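Counting from 131, one number per residue, gives the positions in the sequence shown under my numbering.
C-beta: ideal position from N, C-alpha, C; glycine also.
Source: prediction; values computed, not measured.
Here is the structure we will look at, set down as structure tokens.
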Amino acid sequence: MALKRLLLYLWSSPTSLLGLFFLHPILLTGGRARVVDGVLEIHGGLTRLFLEKCTLLPGGASAMTLGHVVLGRDQSSLDRTRAHERIHVSQCEKWGPFFLPAYGIASALALLRGQDPYLDNRFRLKLVMLLLLVWHRRPARDFCASACDSESE
Ligand SMILES: [Zn+2]
Numbered sequence: 131m132a133l134k135r136l137l138l139y140l141w142s143s144p145t146s147l148l149g150l151f152f153l154h155p156i157l158l159t160g161g162r163a164r165v166v167d168g169v170l171e172i173h174g175g176l177t178r179l180f181l182e183k184c185t186l187l188p189g190g191a192s193a194m195t196l197g198h199v200v201l202g203r204d205q206s207s208l209d210r211t212r213a214h215e216r217i218h219v220s221q222c223e224k225w226g227p228f229f230l231p232a233y234g235i236a237s238a239l240a241l242l243r244g245q246d247p248y249l250d251n252r253f254r255l256k257l258v259m260l261l262l263l264v265w266h267r268r269p270a271r272d273f274c275a276s277a278c279d280s281e282s283e
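If you want it as structure tokens, here you go:
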């Protein structure tokens, strides 16, 4: 099991390294960092400015996942979005170094279809479906049956 975790960290490391790029600038500007369930969560300092001004979302994002690193505007943003961001961590573990390019392609395809590159991104739609199923206490296999079928399209 430990070997599998290690391999997942290695497979996701290109994206996680991108997230770690933010660590020192954020800590030097008053931000904080801590590890929660194997994920480095960083908030405060420059993170707030970055998430408010440097994302495609109107009004900015509350949090962003880069591999095993999650950036949050503040601690309450991290607490509130943890379940959502952990699904992005799982997506990063699945797609490894291809996650960000695949996410970008999914956004571009949504844009080409005349849809919203964030709200209609396939990665996000699957995540929303999973969260809805969890909230309604349906077994995960219900989600996997449909998600795994559509994933091989
Ligand atoms: Zn998200």
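With 16 other Cβ atoms within 10 Å as the buried cut-off, status of residue i
i, result
"H154", "exposed"
"R254", "buried"
"F151", "exposed"
"L201", "buried"
"A240", "buried"
"S206", "exposed"
"R178", "buried"
"T159", "exposed"
"L242", "exposed"
"V165", "exposed"
Whole-number beta carbon distance between residue j and residue i, since they are thought to touch under 8 Å
i, j, result
"V199", "I156", "The pair is not a contact, with the Cβ atoms about 11 Å apart (cut-off 8 Å)."
"L208", "A193", "6 Å"
"G189", "G175", "In fact, because the Cβ distance is near 20 Å, the residues do not count as touching under 8 Å."
"E215", "L138", "With 8 Å as the limit, E215 and L138 do not qualify as a contact, their Cβ atoms being about 16 Å apart."
First through last residue of the beta strand (DSSP E) which encompasses residue i
i, result
"R210", "Taken as a continuous stretch (DSSP letters only), R210 belongs to no beta strand (DSSP E), being part of the alpha helix (DSSP H) at 205-225."
"A191", "Here A191 belongs to no beta strand (DSSP E), and DSSP marks it neither H nor E."
"R74", "Since the first residue of the chain shown is 131 and the last is 283, residue 74 is not available in this structure."
CA-to-CA distance, residue j to residue i, given in whole angstroms
i, j, result
"P247", "P231", "14 Å"
"T195", "H218", "6 Å"
"E182", "R203", "8 Å"
"G197", "L186", "19 Å"
"D250", "S237", "8 Å"
"L133", "Y233", "27 Å"
"G168", "G244", "38 Å"
"L148", "M131", "26 Å"
"R212", "L136", "22 Å"
"R252", "F180", "24 Å"
"A163", "Q221", "22 Å"
"I235", "L170", "26 Å"
Residue i - containing alpha helix (DSSP H), residue span
i, result
"L170", "Segment 169-173 is the beta strand (DSSP E) holding L170; no alpha helix (DSSP H) there."
"L179", "176-183"
"L201", "Per DSSP, L201 belongs to no alpha helix (DSSP H); it is in the beta strand (DSSP E), 199-202."
Could you tell me whether the region 227-242 touches the region 142-156, where touching means 3 or more Cβ pairs closer than 8 Å? yes
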